[in-house]
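Right, one structure below, let's go through it.
Number of protein chains: 2
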Amino acid sequence: MKTNDLSVPLRNIDVALARAFVATAETGGMTAAGRLLNLTQGAVSQQIKRLEDLLQKELFDREHRQLTLTAEGERLLLHARRLIALNDEIWGLMSAPGFEGTVRLGVPGDIIRPFLPPILRAFKNAWPKVKIELNCESSVALKKALSAGDIDLTLTTESDTPQGAERLLTEDLVWLGCPGGRIWHEDPLPVGNANPSCTFRAAMLHGLEKQGRDWRIVGPSGHEVMLAKIEADLAVTALLQSSVPPHLEILGPDSGLPALTPFHVNLYVRTSQTNEVVQELAQQIRDQVTRRFAAPERKAG
Amino acid sequence: MKTNDLSVPLRNIDVALARAFVATAETGGMTAAGRLLNLTQGAVSQQIKRLEDLLQKELFDREHRQLTLTAEGERLLLHARRLIALNDEIWGLMSAPGFEGTVRLGVPGDIIRPFLPPILRAFKNAWPKVKIELNCESSVALKKALSAGDIDLTLTTESDTPQGAERLLTEDLVWLGCPGGRIWHEDPLPVGNANPSCTFRAAMLHGLEKQGRDWRIVGPSGHEVMLAKIEADLAVTALLQSSVPPHLEILGPDSGLPALTPFHVNLYVRTSQTNEVVQELAQQIRDQVTRRFAAPERKAG
DNA sequence: ATAAATCATTAGTTTTCATAATAGAAGGTA
DNA sequence: TACCTTCTATTATGAAAACTAATGATTTAT
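Here's what the structure looks like:
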């Protein structure tokens, strides 16, 4: 993979060129586009040419003096508008006064780390006047709270992504225990569980039952307390792979524990009466969560 | 119409500047950012300065030799990444081979016009190898088809926007008849209705009943046939304001017909097993439908 | 046939941008 | 304190980019 190879002409689409292109496509001509953009016709012609050179694609069919979009031109048109819109949206955000108000966010306790702290920190820095209320319960309870209007948006961990949810990522559920521990050989297996309605509970017990393994529940308790019990080798439990704390150990198949089904992290946003701040936070959660898991490598060379 | 104010120095955010900014923020320094981008430190410093001048905002606090983001810098960081991501996404779309396959789209007959023809035309031009199957039924039937997996995405007209739906726009339901006609004075009122499960039917009849007005259903028949009956002054019906054909007339309150509740145009996309082409079409429908109604000024009737 | 309109191209000028070098400021360390 | 290192800011400079204005080529309209 080439990262920043000098031979690659950095592939940045100049928003000004995008504007010229869209204007030309919409007015049907470069002369008209020039009038619209306060440019000479020649400048527009050159801009289109530059864009075509950049993308290595013909954007217009120049038959006679009529310009018609090529397939690739049409394709670009559909997306160039989005680029311009995003550019203008950012411009608006940067010039407008900062948001104020309150956002009520729900998160299941077991995925607060490692996702949320950096997101909330960044959001807080970006919008210092916005107050964030963090609501920490089970996925089921959070979905109820959302429909009741008690919170504005929420993350959940679920084994599917129902209508109305937006899937941010999918991860394996893994067993974890204390490094050097031996509690997972005990029978019945002590299963740590923060919350009776925890979505992972059913998955764990289902796996064990299918295996014919006996178990007993340790808990309920808060998520942190449960982690302490794991660390003390008093129980095992299951979490999403990426939310396993560094001082605990993932128990592989050789531990004798059953395989578990993957889970999804879903996002729900209130559809009615939702304000800009809520959308802004939702956008950030989307971006950051997916980012943190899409880009494992990015090296200079 | 969009005018370009001369006094505003066109506010285009150079993606290269955004890259320099993000690299600086992420590495914590301009020297390191320069290494990453294959630029000298001085160039990065100038780029940041240019960006700050452009936005008229300080992006970093330069205390001592430590760079920390200001609130506005953090705000930009969150969105600059999106701009870069969109830029790269477009680049990918333009350089990759075109999509192939089939998309199954559902649309209620009464909002095909004026929304869909231009969208489908543009999409078809942009992705000539993609086949679009247009499924035309009532909103209720379409939602069923979606959950059954028979279609990939659908538009609906509904009086609310339930979980799982995305509201694209809200419009008034209006009565319409033939210009110069007189059928709406007839009693009982002949109400044209394309489909017994049509979502507008309940709204119309509810309005008439509340008014104590007698009615009879004309139909069912296809949407086009129904419009022909309207044009022949054989019946009246209700449609969303913007889908009223130009040769028919909107009947205002002075026609004696009852006021109707507003409706929403919602979009549903299959959440599971959905491929890139479906997402691409959904994106276009979103963009174009909202675009087409953000721009034009309303014509009062 | 003539005029008008359109896009492409070219020449020339202005503007932009990166480099390289330097200055200035702050943190280490002896 | 003096000295060295490591940053960022600034400046001069040359190269490249990009605009205008003018021109040419082609097509449509009168």
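Those protein sequences? They're chains A and B, same order as listed. Per this note's numbering, the first sequence runs over residues 1 to 301. Per this note's numbering, the second sequence runs over residues 1001 to 1301. Quick reminder that beta carbons are idealized off the backbone N, C-alpha and C, glycines included. Keep in mind that this is a model prediction, so the values were computed, not measured.
Query                                                                                                                                                                      : Result
For A:Thr261, would you say it is in contact with chain B, using Cβ-to-Cβ distances shorter than 8 angstroms as the test?                                                  : no
Mind checking if B:Ser1242 is an interface residue toward chain A, Cβ cutoff 8 angstroms exclusive?                                                                        : no
Which ranges does the alpha helix (DSSP H) cover as unbroken runs of at least 4 residues, wholly within the stretch 71-106 of chain A, from first to last along the chain? : 71-95
Skipping 5 residues on each side, what residues in its chain have a beta carbon closer than 8 angstroms to that of A:Arg113?                                               : Ser243 and Pro245
Would you list, in chain order, the members of the stretch 91-103 of chain A that have their beta-carbon closer than 8 angstroms to a beta-carbon of chain B?              : Trp91, Leu93, Met94, Ser95 and Gly98
Mind reading off the beta-carbon distance from A:Tyr268 to A:Gly180? Whole number of angstroms is fine, and I expect it under 8 angstroms.                                 : The Cβ separation is near 40 angstroms, so there is no contact.
Counting only the same chain and skipping the five closest in sequence on each side, list residues whose C-beta sits under 7 angstroms from that of A:Leu116.              : Val107
Let's test the definition: count the other Cβ atoms within 10 Å of the Cβ of A:Lys302 and tell me whether it reaches 16, buried, or not, exposed.                          : Chain A is shown only over 1 to 301; residue 302 of chain A falls outside these bounds and no answer can be derived.
Looking at chain A, is there any beta carbon in it that lies within less than 8 angstroms of the beta carbon of B:Asn1012?                                                 : yes
Return the first residue and the last residue of the alpha helix (DSSP H) that B:Ala1025 is part of.                                                                       : Val1015 to Thr1027
Check whether the Cβ atoms of A:Ala25 and A:Leu86 lie closer than 8 angstroms to each other.                                                                               : no
With DSSP run on the structure shown, which of helix, strand or coil describes B:Asn1004?                                                                                  : Unreliable positioning characterises B:Asn1004 in this predicted model, as indicated by a pLDDT of 36, which lies under 50. The coordinate reading is nonetheless provided below. B:Asn1004: coil per DSSP, three-state reduction.
According to DSSP, is B:Arg1291 helix, strand or coil?                                                                                                                     : helix
List the residues of chain B whose Cβ lies closer than 8 angstroms to the Cβ of A:Ser71, in chain order.                                                                   : Before going on, a small fix: residue 71 of chain A reads as Ala here, not Ser. Going along chain B in sequence order, the residues near A:Ala71 (Cβ under 8 angstroms) are Gly1098, Asn1125, Ala1126, Trp1127 and Pro1128.
Using a C-beta to C-beta distance shorter than 8 angstroms, which residues of chain B count as neighbours of A:Asn87?                                                      : Arg1011, Asn1012, Ile1013 and Leu1083
Tell me whether A:Lys49 is buried or exposed, calling it buried when 16 or more other Cβ atoms sit within 10 Å of its Cβ.                                                  : exposed
Which bits of chain A does B:Arg1062 rub up against, with CB to CB less than 8 angstroms?                                                                                  : By Cβ distance, chain A contributes nothing, its closest Cβ being about 17 angstroms from B:Arg1062, past 8 angstroms.
Which of helix, strand or coil does DSSP assign to B:Val1244?                                                                                                              : coil
Helix, strand or coil for B:Gln1163? Go by DSSP, reduced to three states.                                                                                                  : coil
My output table needs one value for B:Ala1235: the three-state DSSP class, helix, strand or coil.                                                                          : coil
So what's B:Lys1129 in DSSP terms, helix, strand or just coil?                                                                                                             : coil
Strictly below 7 angstroms CB to CB, what residues from chain A border B:Thr1274?                                                                                          : Near B:Thr1274 there are no residues of chain A at all, since even the closest Cβ is about 10 angstroms away, more than 7 angstroms.
Would you kindly check if the distance between the Cβ of A:Arg286 and the Cβ of A:Asp152 is under 8 angstroms?                                                             : no
Could you check the C-alpha separation between A:Gly101 and B:Ala1043 for me, to the nearest Å?                                                                            : 39 angstroms
Along the chain, where does the alpha helix (DSSP H) containing B:Arg1050 start, and where does it finish?                                                                 : Gln1041 to Leu1055
Counting only beta-carbon separations shorter than 8 angstroms, does B:Leu1239 have a partner in chain A?                                                                  : no
Using the Cα positions of A:Gly212 and A:Ser159, report the straight-line distance between them to the nearest angstrom.                                                   : 22 angstroms
Within the 8 angstroms Cβ cut-off, does B:Leu1078 reach chain A?                                                                                                           : yes
Counting only Cβ-Cβ distances shorter than 7 angstroms, please list the residues of the stretch 1109-1124 of chain B near chain A, keeping chain order.                    : Ala1122
Less than 8 angstroms separating the beta-carbons of B:Leu1017 and B:Thr1027?                                                                                              : no
Which one or two residues does DSSP pair with A:Thr68 in a beta bridge?                                                                                                    : A:Asp61
According to DSSP, what are the bridge partners of B:Gly1177?                                                                                                              : B:Glu1249
Check B:Ile1285 in the structure and name its three-state DSSP category.                                                                                                   : helix
So the candidates are A:Gly207, A:Lys210, A:Arg201 and A:Glu231; which of them puts its Cα closest to the Cα of A:Pro220?                                                  : A:Arg201
Taking 8 angstroms as the limit between beta carbons, can you name the residues of its chain near A:Ala122, skipping five residues before and five after?                  : Gln284 and Gln288
Quick one: any contact between the stretch 1245-1259 of chain B and the stretch 1122-1133 of chain B, if contact means 3 or more CB pairs under 8 angstroms?               : no
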